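Chains as they are written, first to last, in the numbering used here: chain D, 57 to 549; chain C, 26 to 228.
Built from N, CA and C at the ideal position, the CB exists for glycine as well.
In this text, all values refer to a predicted model and were calculated from it rather than measured experimentally.
What follows is a set of notes on a single structure, which appears directly below.
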């Protein structure tokens, strides 16, 4: 009789749980409905607003602006001091002796540091409410360092020949995962390397927007099995798996001119991402290989490459990051822009973050802003001089550049005798005195000022019910109830 | 007679082991659920935090397990007080973590993880209530619970790290499901025994 009663209660409990789960708003599919978005009129059907038909985004890891470009373009060992003396100087340690004296220059032959203590907590300790004086408590002394031309010459050459931003911020004071989400979706429902859940519905990412507007795109990983937050945290990504491709495919498509309109090239998980404690030379080698491949390809005349980092990685930067749309931005990170239309030796002081790149994609293909953050972000338009294209600048192995023979090269470990200082500066492609534009500047154009509309007005993370706190609360309540029933039975015995 | 003495010992050992195991799984599932729900999990994962993290967890499991055993389950009020204490610790940890906007340095992390293991107090009270030990010395129960729980937490932490800190929801689901199933089994066994006893006494 008692067993029957217990069974009855159990059946009723299960039925109630089933009803709750079925009708819970948390399990509603609205959150991932790709059609539940604002209708926006396109400003162009298939064309682009600029000569750029291909945007390639290359994502590296964990360096602040001052860590890599802290003393750019000053080179201790240069044989071309007259050239470097005439190059544009970004806002860096060269104009801040106090900060520079606090930091240590990484010695020639050393291409890595101990990994700064990574994490939301340590980065907030570094930041110390904007005082930027907590590095010893947070990321550690290894964060108080900077590289020189001895290690950074290849990237410095890219900056010299094309464009570099000195007012470009990480979107938050945290680790990789939220940065990845800002990179592809313009917001993050998580604050640290954790999860999912919450996920971001695929429709709320740039990939969802590109799908919606029938613009081709590809996501390129060395190993497509690698768990990349920019892809795996997007809810429903498995329906779009044909867009997830390998580095080899990227190179083939580049060589034969079939690369999609928008490409996201991820270095993460390979040891070639420049993230500490990896040897950064491997990242530079990868970068040179990919840039050379694009520059040699039929796509060159219609391409813009945006190279940036997924966070400051615990390395010092002198600029207190601003707050934008109630979001405390992270420390400055480098952004380099390569294109036949990129101005030479250009330093952009436009206040930007990765949502500016999303904004550029939206702008170029005549789409609405992906979300409000993208709408408000200034566009990197000042990097370009669309009236004049340029021939590519090859970074040739014969000139001494560390270009590998294959993208899958073995990781370099012994760099104790390497000094690339002699590679910087390069001879400018166009004499600096002949350039018809300023080599520094900024842009105040954003999508909001153009009134293109916003695609996702209510972006929010998505947590499936069975992974939600509500579901676990029900389980815990059931556990307590059953435990109480057990104790009651024992007492009656 | 000899045989029944031996089988009695075996039964006592098995039931003690089962009680300890069920309790450890229940306790660990609660720790992970509380870590997940309070947001503590957002801020942990870096290697330099490991020591502080485990200091709090190990100390907390030991302290609250033994406290639960000492306070005991003889009176209903004590049980209810233990349960309220377990729930309160969750809210205290939640409040601390959120009041500092998740910026929890290592010292405070130890405090938070210590507090979050408060659920081991009612859990050990529960274990003491269901295990009427005649074979194991009493303190072996909280000691066993602590040892198994610490090993379980360490194992799950390794699994979590190996997944790139992305499978916590799965871990919480699996642990809670296991705890729930084991509790249902215990209840079912109890109900079956009760029924068979009453049937025997009727006949």
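{"query": "Presumed contact (8 angstroms Cβ cut-off) between residue 323/D and residue 329/D, rounded CB distance", "result": "4 angstroms"}
{"query": "Continuous beta strand (DSSP E) assignments of at least 3 residues falling wholly in the segment 348-414 of chain D", "result": "359-365, 391-394, 402-404"}
{"query": "Rounded Cβ spacing between residue 369/D and residue 172/D (contact assumed at less than 8 angstroms)", "result": "6 angstroms"}
{"query": "Distance between residue 59/C and residue 123/C (C-alpha atoms, nearest Å)", "result": "14 angstroms"}
{"query": "Where residue 247/D falls: helix, strand or coil (DSSP)", "result": "coil"}
{"query": "Contact check, residue 429/D vs residue 265/D, beta carbons under 7 angstroms", "result": "no"}
{"query": "Alpha carbon of residue 394/D to alpha carbon of residue 108/D, nearest angstrom", "result": "11 angstroms"}
{"query": "Start-end ranges of the alpha helix (DSSP H) lying completely within the segment 242-323 of chain D, minimum 4 residues", "result": "262-268, 285-288, 303-311"}
{"query": "Whole-number beta carbon distance between residue 279/D and residue 325/D, since they are thought to touch under 8 angstroms", "result": "7 angstroms"}
{"query": "Residue 179/D in three-state terms, based on DSSP", "result": "helix"}
{"query": "Beta carbon proximity, residue 176/D to chain C, threshold 7 angstroms", "result": "yes"}
{"query": "Within 7 angstroms, strictly: CB atoms of residue 167/D and residue 471/D", "result": "yes"}
{"query": "Three-state class that DSSP yields for residue 340/D in the structure shown", "result": "helix"}
{"query": "Residue 496/D versus residue 234/D - alpha carbon distance", "result": "31 angstroms"}
{"query": "Stretch-stretch touch, CB-based, cutoff 8 angstroms, three pairs: the segment 190-203 of chain D with the segment 344-361 of chain D", "result": "no"}
{"query": "Simplified DSSP assignment, three categories, for residue 451/D", "result": "coil"}
{"query": "Sequence-distant residues of its chain with Cβ nearer than 8 angstroms to residue 62/C (five each side left out)", "result": "115, 119"}
{"query": "Chain C within 7 angstroms of residue 538/D, Cβ atoms only", "result": "yes"}
{"query": "Cα-Cα separation, residue 407/D to residue 195/D", "result": "25 angstroms"}
{"query": "Start-to-end residues for the beta strand (DSSP E) that takes in residue 129/C", "result": "Unbroken run through residue 129/C: none, as it is neither H nor E."}
{"query": "Closest Cα partner of residue 208/D within the set 335/D, 539/D, 382/D, 184/D", "result": "335/D"}
{"query": "Contact set between residue 250/D and chain C, taken where Cβ atoms lie within less than 8 angstroms", "result": "66, 67, 70, 190, 191, 193"}
{"query": "Under the three-state DSSP convention, the category residue 221/D falls into", "result": "strand"}
{"query": "Cβ-Cβ distance between residue 373/D and residue 144/D below 7 angstroms", "result": "no"}
{"query": "Supposed close pair residue 426/D, residue 226/D - CB separation, criterion 8 angstroms", "result": "About 18 angstroms; that fails the 8 angstroms criterion."}
{"query": "Closest Cα partner of residue 403/D within the set 232/D, 160/D, 128/D, 413/D", "result": "128/D"}
{"query": "Best match in 185/D, 206/D, 155/D, 184/D for proximity to residue 162/D [C-alpha to C-alpha]", "result": "206/D"}
{"query": "Distance between residue 338/D and residue 327/D (C-alpha atoms, nearest Å)", "result": "7 angstroms"}
{"query": "Secondary structure of residue 420/D, DSSP reduced to three states", "result": "helix"}
{"query": "Residue 462/D versus residue 303/D - alpha carbon distance", "result": "11 angstroms"}
{"query": "Close beta carbons around residue 170/D, own chain, < 8 angstroms, minus the five adjacent residues each side", "result": "196, 198, 332, 333"}
{"query": "Counted within 10 angstroms of its Cβ, other Cβ atoms place residue 185/D as buried (16 or more) or exposed", "result": "exposed"}
{"query": "For residue 161/D, the residue or residues it bridges with in DSSP", "result": "202/D"}
{"query": "Interface partners of residue 253/D on chain C, CB under 8 angstroms", "result": "194"}
{"query": "Anticipated Cβ contact below 8 angstroms, residue 499/D with residue 409/D, distance rounded", "result": "The Cβ separation is near 14 angstroms, so there is no contact."}
{"query": "Continuous alpha helix (DSSP H) stretch holding residue 111/D: start and end", "result": "Per DSSP, residue 111/D belongs to no alpha helix (DSSP H); it is in the beta strand (DSSP E), 110-116."}
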